[in-house]
Amino acid sequence: LDACYGVSPRIEDVAPGLVHIDVAGLGRLVGDEGAIVERLSRAGRAVGLPARVGVAGTRTAARIAARAGLASIAAGDEAQALAAVPVSALEWPEAIAHALTRWGVATLGELAALPRAGLSARLGAPGLAAHDLARGVDDPTPWRSWSPPPFWEEAQELDWEIDALGPLVAVLARVVERLTVRLSAAYLVADALELRLALAGGSHEARTVALACPMDAPRPLLTLLEHDLAARPPHAPVTAVAVQARAIPRRAVGGELGRSAPPAERDLATVLARLVTLVGAEAVGAVALADSHRPDAFVPARLELEAGPDTRADDREAGDAVLALRRLRPPRRVSVVTDGERRPANVCGALAPEARVVDCAGPWRVSGDWWDAGAWARDEWDVALSDGAVCRLARDLISGEWYLDGVYD
Numbered sequence: 223l224d225a226c227y228g229v230s231p232r233i234e235d236v237a238p239g240l241v242h243i244d245v246a247g248l249g250r251l252v253g254d255e256g257a258i259v260e261r262l263s264r265a266g267r268a269v270g271l272p273a274r275v276g277v278a279g280t281r282t283a284a285r286i287a288a289r290a291g292l293a294s295i296a297a298g299d300e301a302q303a304l305a306a307v308p309v310s311a312l313e314w315p316e317a318i319a320h321a322l323t324r325w326g327v328a329t330l331g332e333l334a335a336l337p338r339a340g341l342s343a344r345l346g347a348p349g350l351a352a353h354d355l356a357r358g359v360d361d362p363t364p365w366r367s368w369s370p371p372p373f374w375e376e377a378q379e380l381d382w383e384i385d386a387l388g389p390l391v392a393v394l395a396r397v398v399e400r401l402t403v404r405l406s407a408a409y410l411v412a413d414a415l416e417l418r419l420a421l422a423g424g425s426h427e428a429r430t431v432a433l434a435c436p437m438d439a440p441r442p443l444l445t446l447l448e449h450d451l452a453a454r455p456p457h458a459p460v461t462a463v464a465v466q467a468r469a470i471p472r473r474a475v476g477g478e479l480g481r482s483a484p485p486a487e488r489d490l491a492t493v494l495a496r497l498v499t500l501v502g503a504e505a506v507g508a509v510a511l512a513d514s515h516r517p518d519a520f521v522p523a524r525l526e527l528e529a530g531p532d533t534r535a536d537d538r539e540a541g542d543a544v545l546a547l548r549r550l551r552p553p554r555r556v557s558v559v560t561d562g563e564r565r566p567a568n569v570c571g572a573l574a575p576e577a578r579v580v581d582c583a584g585p586w587r588v589s590g591d592w593w594d595a596g597a598w599a600r601d602e603w604d605v606a607l608s609d610g611a612v613c614r615l616a617r618d619l620i621s622g623e624w625y626l627d628g629v630y631d
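In terms of my numbering, the sequence shown opens at residue 223 and continues consecutively.
The structure is reproduced here in structure tokens:
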């Protein structure tokens, strides 16, 4: 595809190993049909692909010409030029191939000479398609142009060798600036960077620089590259640099009135870049709630700099009072005396050395992973104590221990 795209800006990726190329208008640039065939053949050989090329006024005729070794067919002469091509040179549906063999049809000219009405009556639409193919007539399928995927890379060749970090970073600053401008214009962010260095003596060096979070700000990206080069200096002077980004779509987020401004994104990205250099990308990130009812269960997740939507819901009526639970992490171990109904009666070691339970609600039992060695189960109680505190107690049903899980404001 790249070889063909270097000859014509309008190509169609039809199937593996088959490309249609629109050569209209290339006469003044390349030459006549013979020159176009030679140019396309040379482009294929340059990438190690011995190509068979055919030029005609229709896609169908050009495709058959390439298979049959006919270099070019003049526009309007498709049926006459293809008449001598044996039907065995093409691939046919099983029913069509069987019918042509039974009828003794050996060439495309003989197939084109058959009456269309008879072909339609005996073979239906596939028969008409075979008749059009024999005459080099295109089907009504529209042209589907292929375009190369965008290549998110910027490079800079140097007029002199650089063997110091400072001048090299100055060159990288211009390269990264151009790259991030392109990413921002396409509403993309970099998920990882690849830095390639051409070194004196003809050697090359490539390194992948991980990012703690997707970003397109040039300053933190440059800082990350600088720290990586400082930690792993190139073993020879640099003669050229190239920075390639693995681009992903930016997450769209709308702003909201009344919401406090998030921290400066670029400052945070710079800090993250330095942390990645110090401790590695796998040790920098965020946490996300795990798919579990287990208290405080979380899994590591990738950090997103863009502020997410505000998920806080406030459907309360004016004047409704809601208690806030301040959870203790880690929870404080306490001693609890229960009554005859196994309800908390006295608590030692909470906010006061000892307090009597004047009211309580519960228990609320939660458990999980009973099939695994990490099985857990606990009862939770909300209690009002004689010292005025309102707390949440939790009892581990496996160990039997009591904990002060939180305090209500």
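Even for Gly, the Cβ is constructed at its ideal location relative to N, Cα and C. Predicted model only: the values in this text are computed from it and were never measured.
Beta bridge pairing from DSSP links GLY590 with TRP598. Residue pairing of ILE286 in beta bridges, as defined by DSSP: absent, with no partner found. Distance from TYR625 to CYS613 at the Cβ level is roughly 10 Å; contact not present, criterion being Cβ atoms closer than 8 Å.
DSSP places PRO238 outside any alpha helix (DSSP H), giving it a letter other than H or E. Between VAL252 and ARG264, the C-beta gap is not smaller than 7 Å, which leaves the two residues out of contact. Secondary structure of ILE318 (DSSP, three-state): helix. Sequence-distant Cβ neighbours of GLY256 in its own chain, meaning closer than 8 Å and more than five residues away, are ALA293 and SER294. Here the C-alpha atom of ARG338 lies approximately 30 Å from the C-alpha atom of VAL275. Beta-bridge pairing by DSSP links PRO308 to THR329.
ARG472 sits away from VAL398, with the two beta carbons spaced by 7 Å or more.
The straight-line gap separating the alpha-carbon atoms of LEU341 and GLN466 is approximately 56 Å.
Straight across, the Cα-Cα distance linking SER367 with GLY388 is about 46 Å.
Linking TRP314 to VAL277 through their CA atoms gives a straight-line distance of about 22 Å.
Here TRP325 is exposed: its Cβ has fewer than 16 other Cβ atoms, across all protein chains shown, within 10 Å. In the three-state scheme derived from DSSP, where H, G and I count as helix and E and B as strand, LEU433 is classed as strand. Contact between the region 373-386 and the region 425-435 is absent, with fewer than three C-beta pairs closer than 8 Å.
Exclusion of the five residues before and after VAL309 leaves LEU322, VAL327, ALA328, THR329, LEU330 and LEU333 as the residues of its chain whose Cβ lies within less than 7 Å of its Cβ. LEU304 sits close to ILE286, with the two beta carbons spaced by under 7 Å. The criterion of a C-beta distance shorter than 7 Å is not satisfied by GLY358 and ALA246. If you check the CB distance, HIS320 and ARG281 do not come in under 7 Å. The Cβ atoms of ALA512 and ALA519 lie closer than 7 Å to each other. The beta carbon of TRP365 sits closer than 7 Å to the beta carbons of GLU234 from its chain, once the five residues preceding and following it are set aside; these are given in chain order. In the DSSP assignment, PRO553 falls within the unbroken beta strand (DSSP E) covering 547-560.
Counting the other CB atoms within 10 Å of its CB gives PRO455 a total below 16, which places it among the exposed residues. Between TRP586 and GLY507, the alpha-carbon positions lie close to 33 Å from each other. Taking the Cα positions, ALA273 is about 21 Å away from GLU300. PRO552 counts as exposed, since fewer than 16 other C-beta atoms from the protein chains shown sit within 10 angstroms of its C-beta. In the three-state reduction of the DSSP assignment, TYR227 falls in the helix class, which pools H, G and I. Going by C-alpha positions, GLU383 is about 56 Å away from ALA297. GLU416 is bridged by DSSP to THR430 and GLN466.
Judged by their CB atoms, VAL393 and VAL463 are nearer to each other than the 7 Å cut-off.
The beta strand (DSSP E) runs of length 3 or more contained entirely in the region 350-423 are, from start to end of the chain, 375-384 and 410-421. The beta carbon of ALA546 sits closer than 8 Å to the beta carbons of TYR630 and ASP631 from its chain, once the five residues preceding and following it are set aside; these are given in chain order.
Here the C-alpha atom of ASP609 lies approximately 59 Å from the C-alpha atom of SER406. The C-alpha of ARG548 lies about 35 Å from the C-alpha of MET437. Look at ASP450 here: in three-state DSSP terms it is helix.
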